[in-house]
Amino acid sequence: EMKSQGIEEDRLQLLRDVSGAFRPGILTALVGVSGAGKTTLMDVLAGRKTSGYIEGSISISGYPKNQATFARVSGYCEQNDIHSPNCLMFVEEVMDLVELHPLRNSLVGLPGINGLSTEQRKRLTVAVELVANPSIIFMDEPTSGLDARAAAIVMRTVRNTVDTGRTLVCTIHQPSIDIFEAFDELLLMKRGGQVIYAGPLGRCSQRLIEYFQVSYSRITEIRDGYNPATWMLEISSPAVEAQLNVDFADIYQKSELYKHKEQDLLNLMGAMYSAIMFLGATNTASVQPVVAIERTVFYRERAAGMYSALPYAFAQVAIETIYVAVQTLVYSLILYSMIGFPWRVDKFFWFYYFILMCFIYFTLYGMMLVALTPGHQIAAIVMSFFLSFWNLFSGFLIPRTQIPIWWRWYYWGSPVAWTIYGLVTSQVGDKTSLVEVPGQARMSVQTYLKRRLGFEYDFLGAVVVAHIGFVLLFLFVFAYGIKYLNFQRR
Numbered sequence: 009e010m011k012s013q014g015i016e017e018d019r020l021q022l023l024r025d026v027s028g029a030f031r032p033g034i035l036t037a038l039v040g041v042s043g044a045g046k047t048t049l050m051d052v053l054a055g056r057k058t059s060g061y062i063e064g065s066i067s068i069s070g071y072p073k074n075q076a077t078f079a080r081v082s083g084y085c086e087q088n089d090i091h092s093p094n095c096l097m098f099v100e101e102v103m104d105l106v107e108l109h110p111l112r113n114s115l116v117g118l119p120g121i122n123g124l125s126t127e128q129r130k131r132l133t134v135a136v137e138l139v140a141n142p143s144i145i146f147m148d149e150p151t152s153g154l155d156a157r158a159a160a161i162v163m164r165t166v167r168n169t170v171d172t173g174r175t176l177v178c179t180i181h182q183p184s185i186d187i188f189e190a191f192d193e194l195l196l197m198k199r200g201g202q203v204i205y206a207g208p209l210g211r212c213s214q215r216l217i218e219y220f221q222v223s224y225s226r227i228t229e230i231r232d233g234y235n236p237a238t239w240m241l242e243i244s245s246p247a248v249e250a251q252l253n254v255d256f257a258d259i260y261q262k263s264e265l266y267k268h269k270e271q272d273l274l275n276l277m278g279a280m281y282s283a284i285m286f287l288g289a290t291n292t293a294s295v296q297p298v299v300a301i302e303r304t305v306f307y308r309e310r311a312a313g314m315y316s317a318l319p320y321a322f323a324q325v326a327i328e329t330i331y332v333a334v335q336t337l338v339y340s341l342i343l344y345s346m347i348g349f350p351w352r353v354d355k356f357f358w359f360y361y362f363i364l365m366c367f368i369y370f371t372l373y374g375m376m377l378v379a380l381t382p383g384h385q386i387a388a389i390v391m392s393f394f395l396s397f398w399n400l401f402s403g404f405l406i407p408r409t410q411i412p413i414w415w416r417w418y419y420w421g422s423p424v425a426w427t428i429y430g431l432v433t434s435q436v437g438d439k440t441s442l443v444e445v446p447g448q449a450r451m452s453v454q455t456y457l458k459r460r461l462g463f464e465y466d467f468l469g470a471v472v473v474a475h476i477g478f479v480l481l482f483l484f485v486f487a488y489g490i491k492y493l494n495f496q497r498r
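In this note's numbering, each residue's number is its place in the sequence shown (first place is 1) plus 8.
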């Protein structure tokens, strides 16, 4: 039949180079003209495609998808609301979420004959999936066949579901303005199964409108009050594509929006760099005047034979460590949630460990400089000198792979470089999901980190040991500096 229609290939490709991500707490619309492959894509993602060939990779939180496990943490709301007509509805929490309490003792009934209305059956479909408490929910045309009021009620239910922190993806066909505004992000496909936009909608769909008007200067501008969803489908039609003589999918892959996928990794690294560098330097500077004052007291009490130098030094370090541990815990909880890392015990432990050791060695570095200099003013000058090198050779401003070989030894001597290595690698260094790199073939996050930054997940054990080494080095230099150097003149 395909060959009779002039198609030479043995197989018809429904999806081509589809790449994107769906995030927790974000409501994503999967939109496209008829034949774009919306339902096909969602069936593939949900693992419900029983025929055909699937090539590519699907990752959940960076790990390869296992369908048996995925089926237990995901739900699928089909376009047709299929329920047993004699069921009663009763699950308190879910009924609150989908606003079905007034119908708690109602029979489902038969569609169009008795029982629940079409809109109520839609909400029941959502509720049935929510009973299993899924983290990911797919919805196929949740507003299909509904009037404006009923569609608004269903979308309110969908929004309530997303606000619980779940990942929710909806295929939708020509939504109204109000319904379209309920979505946070959009994956727009053209006929042939190619993505032509994947990103945030923005307030009043402004981000979407700006993208198309900047990328395609000859398209018709949207009129005031016009539905952005309708405008978007009109200007991305095959007829407009042929008229402009462009390939929407090709232009999208060359756009800054598409390149941001690599930029996300660099932004993540930048967030960690800023988080440790500036607060760490603050710890170094703030501890120096305190240690300088306490050192004067130590000189007097040591002269009186009250205690020796090493117990004093270790006691000082122990006190500071307690403060730093509490500071790091509060800081890590805030920073970890703001960055948006998945809440896993092992990942958070790694995150907390590296930031804790970082703040400890920054604090000990400040204490060590006071022990080695006559006063905290001179210690501050020395501190600034070396911190500038720590900053320059941290691997963020200049990746290690781009540092000249004769300077690379200082990278390994910079404690900050080891901390960034540990933080980035422990959080994303084991991910096999693909990242888009402009001008290069797609590669896994793991491969990108190794080639671009020189980070290897298998090297994480050495990074842990290096942090312990820096802490012990600064600790013993501080302790023996206090013991053998006396800047008091009488």
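Virtual Cβ for every residue (Gly too), placed ideally from N, Cα, C.
CA nearest to the CA of residue i, picked from the options
i, options, result
"Q296", "P150, M163 and G383", "G383"
"M147", "A37, D155, I187 and A44", "A37"
"E464", "R408, F30, L196 and L483", "R408"
"L138", "A156, R80 and L364", "R80"
"G153", "Q182, F357, T172 and L480", "Q182"
"I284", "F30, T427 and G462", "T427"
"S422", "L493, D232, F349 and L395", "L395"
"N141", "R199, F78, V162 and I187", "F78"
"R199", "G43, Y281, V479 and F478", "G43"
"A76", "G60, R56 and S65", "R56"
"G45", "D354, I66, G201 and S184", "G201"
"W420", "F349, V222, G477 and D272", "G477"
"D272", "A237, G348, R131 and V248", "G348"
Start and end residues, beta strand (DSSP E) containing residue i
i, result
"K355", "It is not in any beta strand (DSSP E) - K355 instead sits in the alpha helix (DSSP H) that spans V353 to L380."
"G207", "Q202 to P208"
"A37", "L35 to G40"
"E193", "E193 to K198"
"F78", "First-last for F78: Q75 to V81, but that is the alpha helix (DSSP H), not the beta strand (DSSP E)."
"V177", "T175 to T179"
"F146", "I144 to D148"
Cut-off 6 Å between Cβ atoms - residues of its own chain near residue i, not counting five sequence neighbours on either side
i, result
"L96", "Note on L96: pLDDT 48, under 50, position unreliable in the model; the coordinate value appears next. None."
"L380", "G489"
"G430", "F362 and V471"
"T290", "none"
"V170", "L35 and L176"
"E86", "D148"
"L196", "V39, I204 and Y205"
"M163", "I187 and A190"
"F30", "T36, T175 and V177"
"W358", "S434"
"K11", "The pLDDT assigned to K11 is 49, lower than 50, so where the model puts this residue is not dependable, and the model offers no usable value."
"A461", "Rather than Ala, the amino acid found at residue 461 in this sequence is Leu. Only P407 meet the Cβ criterion."
Endpoints, the alpha helix (DSSP H) within which residue i is located
i, result
"P423", "P423 to V436"
"K491", "L468 to Y492"
"V254", "No alpha helix (DSSP H) holds V254; DSSP gives it neither H nor E."
"Y456", "V453 to Y456"
"L241", "P236 to I243"
"K46", "K46 to A54"
"I185", "I185 to E189"
"M391", "H384 to L400"
Proximity test, residue i beta-carbon vs the ligand SAH heavy atom, cut-off 7 Å
i, result
"Y234", "Absence of the ligand SAH is noted for the structure shown, with no ligands found whatsoever."
Residues near residue i by beta carbon distance below 7 Å, same chain, minus five either side
i, result
"L209", "F191, D192, E193, L194, R215 and L216"
"G288", "C366, F367 and F370"
For residue j and residue i, believed in contact at Cβ under 8 Å, the rounded distance
i, j, result
"V205", "Y219", "In the sequence under discussion, the amino acid at residue 205 is Tyr, which differs from the Val named in the question. Going by Cβ atoms, the distance from Y205 to Y219 rounds to 6 Å, so yes, they are a contact pair."
"G207", "I145", "Contact doesn't hold; Cβ gap of about 21 Å is too wide."
"V26", "V203", "5 Å"
"I180", "V39", "6 Å"
"T48", "L23", "6 Å"
"L377", "T433", "So it is not a contact: roughly 29 Å between Cβ atoms."
"L4", "F482", "Not covered by the structure: residue 4. The range shown for the chain is 9 to 498."
"Y360", "S340", "5 Å"
Close Cβ partners of residue i (< 8 Å) along its chain, the five nearest in sequence each way excluded
i, result
"V166", "L35, V134, M147, P150, L176, C178 and A190"
"S125", "A158"
"P72", "S65, I66 and T440"
"M375", "V295, Q296, V299, Q324, V325, E328, F482 and F486"
Contact with chain D by residue i, beta-carbon distance below 8 Å
i, result
"Q454", "Reference to chain D is not applicable here, since this structure consists of a single protein chain."
message: Count Cβ pairs between the segment 245–264 and the segment 329–347 that sit closer than 8 Å; are there 3 or more?
response: no
query: Taking one C-beta from the segment 448–464 and one from the segment 425–440 each time, how about it: are there three or more such pairs within less than 8 Å?
result: yes
The segment 236–243 touching the segment 301–319, judged by at least three CB pairs closer than 8 Å: no
- prompt: Hey, is the segment 47–65 in contact with the segment 225–233, meaning 3+ C-beta pairs nearer than 8 Å?
  reply: The answer is no - the segment 225–233 does not touch the segment 47–65, with fewer than three Cβ pairs under 8 Å.
query: Using 8 Å as the Cβ pair cut-off and three pairs as the minimum, do the segment 398–413 and the segment 305–323 touch?
result: no
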